[in-house]
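All remarks here apply to the structure that follows.
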Amino acid sequence: MKAKHFSSVIFTLLIVGSLPLSHAERWLQVSCGVTGGPSDEIDDPGNNVPEGQLSIPVGATKGVMTRWQTPGYAIPPGSCQLTQDPSIAEGRAWLEPYALNGTRVCAVPTAMFQAGLECSTCYEVTYTGEKATNPGRAGKAIVQVINHGDIRGFDCQPEVFQEITGNSVGGIFPIYFKRVECKFTPPTVVVLTGNNAFYTKVLVAGGHTGVRAVSMTLGGKRFNLTRVSGATWGTKLEGKSGATSFALTYRDGTVETVSGCFDGKWPVATSSQCS
247 MKAKHFSSVI
257 FTLLIVGSLP
267 LSHAERWLQV
277 SCGVTGGPSD
287 EIDDPGNNVP
297 EGQLSIPVGA
307 TKGVMTRWQT
317 PGYAIPPGSC
327 QLTQDPSIAE
337 GRAWLEPYAL
347 NGTRVCAVPT
357 AMFQAGLECS
367 TCYEVTYTGE
377 KATNPGRAGK
387 AIVQVINHGD
397 IRGFDCQPEV
407 FQEITGNSVG
417 GIFPIYFKRV
427 ECKFTPPTVV
437 VLTGNNAFYT
447 KVLVAGGHTG
457 VRAVSMTLGG
467 KRFNLTRVSG
477 ATWGTKLEGK
487 SGATSFALTY
497 RDGTVETVSG
507 CFDGKWPVAT
517 SSQCS
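Last residue of the sequence shown: 521 (the working numbering), numbering continuous.
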């Protein structure tokens, strides 16, 4: 009864405009335990799309989706570090299909993020038309993960949130999600700690999904990198120079090799790229 009373209070505040919608979304999730649509006792006549207008995709998992930020803002850097200035100073091909095409990008919960394995992973997100906290209509889109946070589900950019739900304001929407391959972009390694022959930190971007392992061959010796955070990887080196290549192992086990890097020179400047 307590959760029901609190939910009623929040919906009243939303209607009169006394509570910012994004705050209400978090409050409902944390304080009231609302992680999907409202209970059947809450009537939402604005959401008149019959449940099941879009079928539930085979193999999909049920979750919730909220709206990240407000319209008109640039895409934030995000914990994957795929959009920071040093990462994109010499190119940003990996952002073209999703981050720069309808801003189809989302954050996921910390537990789902797996310390960065989810970075660059794509999901088909479907809203079937079930009851939600706000009006909407059924829809779906493929989104890419570029961030994470203390959230209960997918927290997506306003443009793709509206594309999926038909709602331009926000709310908590029950959704179904399944992992899919991203549109392929050239696997790319970006040096983030430049001009250092004894340590390197690199961003690994592109490909078709998230990366689970990275190795670097420098001057004939192989170094296994460890994940620093997000989509960045690092390792100590030995002052070596010479030909440089990288082997990228994706979460599905496929391997891509990025070779012939930096004209055979090492170390190189920050933001130098090889693809």
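All C-beta atoms, glycine included, are put in the ideal place defined by N, C-alpha and C.
Candidates the options, of which the one nearest residue i by Cα
i	options	result
E342	A443, G453, M311 and T481	G453
T495	D509, V351, G488 and V504	V504
T446	L483, L363, G324 and G385	L483
F469	G305, C326 and A493	A493
F430	T329, Y344 and S325	Y344
A240	D498, V436 and G465	In this structure the chain extends from 247 to 521, so residue 240 is not present and cannot be described.
V450	S475, P420 and G309	S475
Contact set for residue i: own chain, Cβ-Cβ below 6 Å, skip 5 residues either direction
i	result
C368	I388, Q390, V426 and C428
G485	A443 and F444
G337	Q519
G324	I392 and N393
D290	Here D290 scores only 34 on pLDDT, less than 50, and its place in the model should not be relied on; the value that follows carries that caveat. Excluding positions up to five away in sequence, the list reads K377.
Q330	P323
Cut-off 7 Å between Cβ atoms - residues of its own chain near residue i, not counting five sequence neighbours on either side
i	result
N294	Residue placement at N294 cannot be trusted, given a pLDDT of 42 that sits under 50; the coordinates are not used to answer.
P332	L438, T516 and S517
Environment of residue i [buried if 16+ CB atoms lie within 10 Å]
i	result
N380	buried
T472	exposed
V304	exposed
A353	buried
Cβ neighbours of residue i in the same chain (closer than 8 Å, five flanking residues each side left out)
i	result
A306	E370, T372, Y422, F423 and K424
V501	A493, L494 and T495
Problem set entry | the stretch 393 to 412 / the stretch 432 to 440 touching (three or more Cβ pairs under 8 Å) | Taking a cut-off of 8 Å on C-beta distances, the stretch 393 to 412 does not touch the stretch 432 to 440, as fewer than three cross pairs fall below it.
Exercise. Counting Cβ pairs, one atom from each stretch, are 3 or more of them under 8 Å apart for the stretch 353 to 370 and the stretch 453 to 472?
Worked result: In short, these stretches touch, since the Cβ pair count reaches three.
For this session: Return the chain-ordered ranges of every alpha helix (DSSP H) run that is complete within the stretch 306 to 375 and spans a minimum of 4 residues.
Result: Correct list: 331 to 334 and 356 to 359.
For this session: Just list the beta strand (DSSP E) runs in the stretch 468 to 494, keeping only unbroken ones of 3 residues or longer that don't cross its boundaries, in chain order.
Result: With a minimum length of 3 residues, the continuous beta strand (DSSP E) runs that stay inside the stretch 468 to 494 are 478 to 482.
For this session: Let me know the beta strand (DSSP E) ranges lying completely inside the stretch 405 to 480, each 3 residues or longer, listed in chain order.
Result: Entirely contained in the stretch 405 to 480, the beta strand (DSSP E) runs reaching 3 residues are, in chain order, 419 to 426, 431 to 437, 445 to 453, 457 to 464 and 467 to 475.
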